[in-house]
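First residue of the sequence shown? That's 1 in UniProt numbering, and the numbers climb one at a time after it.
All C-beta atoms, glycine included, are put in the ideal place defined by N, C-alpha and C.
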Amino acid sequence: MLSRLKLDSKLRREIDYKLLVSMILIVLFGILNIYLGTKSQRGFFFAKKQLIWFIISMAALYIILLWNYNIIYNYVEIFYWGSIVLLIITRFAGSVINGARGWIVLGPVSIQPSELAKTAMILMLAKKMEQVDLRINDFRNFIKVAMYAIIPMIFIVVQPDMGMTMVSFFIALGIFFAAGLDMKVIGAGLLSIIVAIALVWNSGLIKDYQKDRLVGFLNPDGDELGINLQLTQSKIGIGSGGFFGTGLDLNGEVGGYSSEFVPERQTDFIFAVIGEHWGTVGGIVLLLLYAIMIYRIIMTAKTSKDIFGSIICVGFASYFIFAILQNIGMTIGIMPITGITLPLVSYGGSSLLTTIVSIALVLNISMRKKKLKF
Numbered sequence: 001m002l003s004r005l006k007l008d009s010k011l012r013r014e015i016d017y018k019l020l021v022s023m024i025l026i027v028l029f030g031i032l033n034i035y036l037g038t039k040s041q042r043g044f045f046f047a048k049k050q051l052i053w054f055i056i057s058m059a060a061l062y063i064i065l066l067w068n069y070n071i072i073y074n075y076v077e078i079f080y081w082g083s084i085v086l087l088i089i090t091r092f093a094g095s096v097i098n099g100a101r102g103w104i105v106l107g108p109v110s111i112q113p114s115e116l117a118k119t120a121m122i123l124m125l126a127k128k129m130e131q132v133d134l135r136i137n138d139f140r141n142f143i144k145v146a147m148y149a150i151i152p153m154i155f156i157v158v159q160p161d162m163g164m165t166m167v168s169f170f171i172a173l174g175i176f177f178a179a180g181l182d183m184k185v186i187g188a189g190l191l192s193i194i195v196a197i198a199l200v201w202n203s204g205l206i207k208d209y210q211k212d213r214l215v216g217f218l219n220p221d222g223d224e225l226g227i228n229l230q231l232t233q234s235k236i237g238i239g240s241g242g243f244f245g246t247g248l249d250l251n252g253e254v255g256g257y258s259s260e261f262v263p264e265r266q267t268d269f270i271f272a273v274i275g276e277h278w279g280t281v282g283g284i285v286l287l288l289l290y291a292i293m294i295y296r297i298i299m300t301a302k303t304s305k306d307i308f309g310s311i312i313c314v315g316f317a318s319y320f321i322f323a324i325l326q327n328i329g330m331t332i333g334i335m336p337i338t339g340i341t342l343p344l345v346s347y348g349g350s351s352l353l354t355t356i357v358s359i360a361l362v363l364n365i366s367m368r369k370k371k372l373k374f
């Protein structure tokens, strides 16, 4: 039994340690900043919970590395449709948090099914791309694959969770782009976002607070104490950090401007805490770690032994690129405010678990890109 839980030494040598170490450093940096942002009100509460989720996630990562990722191929449909069932349950029996009915609360544990659906969608698109052998410009093949991206997005948009809908859309866009879809179709897809927003603006799907966020983005200097309050506070927090930051002050009762005045500082606006305590230098270091991680994922996509593995990597790389740019961009006012968190850094158990599982799948693909003699 124990031998099954031991990773072969030859496989251990194939682990992409640059990817693994960069991920671990980002998570630990995130836990530290969650503490810095919340210590004046909640002490170690959020940081401790995130650390527990990190330990659970690393255990899941190790288990995933034990099994050849091709085994997953046979169970993708079960995982995908299971995530859709959870989205349906959430629609009718889920809990409302921050204006969206997107959570299933089980005692002290809150699960966000859209996070699971995001990973399931990537796996399903990867399998379907393999089945059509990347011949995605054939109309029938395109519809056959695209429907598996559209289905979860429909259930996510009605929660309404526009942030996760955008994430899912750009993941699918990245996958179709890498698969060689005609650029005219991709351009039409981007245009469809603008058209869709215009059509549903007064339908009730877009809530008033979401409209305020978009209006605030288009007019960042207006109503700084109203619809732009979050952005204003975030900018002040980041600006107060300067080039080198204000320092850690781990034992002080007051955590700094961000920890006192920036809303959602442990989740959506965690970068404001980073900017204040670590300054421009800290932000650059974090971006460099992200760049290493994304580069290693893309390299794994290029060297994977099959289409299934390559598309999985492309999907996760697309997620990281969009989520990082969107989250950091919204904290400094160059992107509209959404509920998209900073991957591996923001507080959130289900988000951290699914993100580390995605890294585990990439590591698995990287380890098995060539045949090993045992």
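query                                                                                                                                                       : result
Gly339 and Gly163: beta carbons closer than 7 Å?                                                                                                            : yes
Taking only the alpha-carbon atoms, compute the straight-line gap between residue 382 and Leu11 and give it to the nearest angstrom.                        : Since the first and last residues shown for the chain are 1 and 374, residue 382 lies out of range.
Which residue marks the beginning of the alpha helix (DSSP H) containing Ser318, and which one marks its end?                                               : 307 to 332
So, under 8 Å CB-CB, Leu83 and Ala117 are touching, yes? Tell me the CB distance rounded to an integer number of Å.                                         : The sequence given here has Ser at residue 83, not Leu. Confirmed, about 4 Å.
Sort Asn137, Phe169, Gly43, Tyr35 by Cα distance to Met121 and report the nearest one.                                                                      : Phe169
Determine the direct distance from the alpha carbon of Phe316 to that of Ala301, and round the result to whole angstroms.                                   : 10 Å
Over the uninterrupted beta strand (DSSP E) stretch that includes Val105, give me the two end residues.                                                     : 100 to 106
On the criterion of 16 or more Cβ atoms from any shown chain inside 10 Å, does Asp133 qualify as buried, or is it exposed?                                  : exposed
Return yes when the C-beta of Ser168 is under 6 Å from any heavy atom of the ligand ZN, and no when it is not.                                              : No copy of the ligand ZN occurs in the structure displayed, which carries no ligand at all.
What is the C-beta distance between Ile26 and Tyr290, in whole angstroms, given that I count them as a contact (C-beta under 8 Å)?                          : 7 Å
Runs of 4 residues minimum, wholly inside the segment 56 to 136: which ones carry the alpha helix (DSSP H) assignment?                                      : 70 to 73, 76 to 93, 113 to 131
Considering only residues of the same chain and omitting the five flanking positions on each side of Pro327, which have a CB-CB separation below 6 Å?       : Note that residue 327 corresponds to Asn in the displayed sequence, not to Pro. Closer than 6 Å at Cβ, skipping near neighbours: Ile340, Leu342.
Rounding to the nearest angstrom, what Cα-Cα distance links Val254 and Gly43 in this structure?                                                             : With a pLDDT of only 46 at Val254, under 50, the local geometry of the prediction cannot be trusted, and the value read off the model is given with reservation. When rounded, the distance between both Cα atoms is 11 Å.
Mind checking which residues open and close the alpha helix (DSSP H) that includes Arg12?                                                                   : 9 to 13
Using 10 angstroms around the beta-carbon of Leu65, count the other beta-carbons present and answer buried if the total reaches 16, otherwise exposed.      : buried
Sorted by chain position, which residues of the same chain lie with C-beta nearer than 6 Å to Met330's C-beta, five sequence neighbours on each side aside? : Ile337
From Gly275 to Ile294, what distance separates their C-alpha atoms?                                                                                         : 22 Å
Grab me the residues of Ile292's own chain with a C-beta within less than 8 Å of its C-beta, minus the 5 sequence neighbours each way, in chain order.      : Lys18, Leu19, Ser22
Looking only at C-alpha atoms, which of Trp278, Leu231, Phe322 sits nearest to Gly30?                                                                       : Trp278
What did DSSP end up calling Lys6 once you bin it into helix, strand or coil?                                                                               : coil
Whole angstroms is fine: what's the gap from Arg100's alpha carbon to Leu191's?                                                                             : A small correction: the amino acid at residue 100 is Ala; Arg does not occupy that position in the sequence shown. Roughly 25 Å between the two C-alpha positions.
With the cut-off set at 7 Å, would you say residue 383 and Trp103 are in Cβ contact?                                                                        : Here the chain comprises residues numbered 1 to 374, so residue 383 is not present and cannot be evaluated.
Buried or exposed: where does Tyr69 fall if 16 or more other Cβ atoms within 10 Å of its Cβ makes it buried?                                                : buried
So, are the CB atoms of Thr355 and Leu363 less than 7 Å apart?                                                                                              : no
Please state whether the Cβ-Cβ distance between Met183 and Ile311 is less than 7 Å.                                                                         : no
Ile332 to Lys235, Cα distance in whole Å?                                                                                                                   : 6 Å
Run the CB neighbour count on Gly252, radius 10 Å, all protein chains shown included, and call it buried at 16 or more, exposed below.                      : Its pLDDT being 49, under 50, Gly252 is placed unreliably by the model, and the measurement read from it follows with that caveat. Exposed, because fewer than 16 other Cβ atoms sit within 10 Å of the Cβ of Gly252.
What does the alpha-carbon distance come out to for the pair Lys371 and Gly241?                                                                             : Reliability of the predicted coordinates at Lys371 is poor, the pLDDT of 49 falling under 50, and the value obtained from them is presented with this limitation in mind. Approximately 50 Å between the Cα atoms of the pair.
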